[in-house]
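Trainee:
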Amino acid sequence: LPRLKAFGKDHVPEFGRQKYVHVMIDTFSKFVWATAQAGERALHVVRHLTVCFAVMGVPKTLKTDNAPAYVGGKVARFLEKWGVRHITGVPHSSTGQAIVE
1 LPRLKAFGKD
11 HVPEFGRQKY
21 VHVMIDTFSK
31 FVWATAQAGE
41 RALHVVRHLT
51 VCFAVMGVPK
61 TLKTDNAPAY
71 VGGKVARFLE
81 KWGVRHITGV
91 PHSSTGQAIV
101 E
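In terms of the UniProt record's numbering, the sequence shown opens at residue 1 and continues consecutively.
Here is the structure:
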């Protein structure tokens, strides 16, 4: 896959005061970007994606698990606005999102 073709995303719970580290990886280049967030709700996902898109560029696809924060309307509208296709795997399955987990 060429650069910016597909990204994978996940987050790590309980990281200091911010509590969560949201992680994005470009599946072609293996470039990783992480941001500390105060939570794991859709608001935090959109904040993370905004920073990632500014740093990494806008991917054609984003693969996540089916966690509520990823499949809600707020994230769907954000991804639609940017023209990003959202692919979901099995919730909380490390094999479903292999590279980012």
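Beta carbons: idealized from backbone N, C-alpha and C, even for Gly.
Nearest-angstrom Cα distance between residue 59 and residue 49?
Mentor: To locate residue 59, count along the sequence shown from 1; it is residue 59. To locate residue 49, count along the sequence shown from 1; it is residue 49. About 11 Å.
Trainee: Cβ atoms of residue 65 and residue 89: under 8 Å apart, would you say?
Mentor: Residue 89 sits at position 89 when you count from the first residue of the sequence shown. Residue 65 sits at position 65 when you count from the first residue of the sequence shown. With a cutoff of 8 Å on beta-carbon distance, residue 89 and residue 65 are scored as near each other.
Trainee: Residue 44 to residue 37, Cα distance in whole Å?
Mentor: In the sequence shown, residue 44 corresponds to position 44, counting from 1. In the sequence shown, residue 37 corresponds to position 37, counting from 1. Answer to the nearest angstrom: the Cα atoms are 6 Å apart.
Trainee: Give every residue of the same chain whose Cβ lies closer than 6 Å to the Cβ of residue 22, excluding the five residues on either side of it in the sequence, and list them in chain order.
Mentor: The residue given as residue 22 occupies position 22 in the sequence shown. Closer than 6 Å at Cβ, skipping near neighbours: 11, 35, 37, 48.
Trainee: What did DSSP end up calling residue 58 once you bin it into helix, strand or coil?
Mentor: As a first step, residue 58 is located in the sequence shown; it is residue number 58 there, counting from the start. The answer is coil: DSSP assigns residue 58 none of H, G, I, E or B.
Trainee: Hey, residue 7 and residue 25 are a contact pair by Cβ (cut 8 Å); roughly how many whole angstroms apart?
Mentor: Reading the sequence shown from its first residue, position 7 is the one you call residue 7. Reading the sequence shown from its first residue, position 25 is the one you call residue 25. Between residue 25 and residue 7 the Cβ distance is about 7 Å, and since that is below 8 Å, they are a contact.
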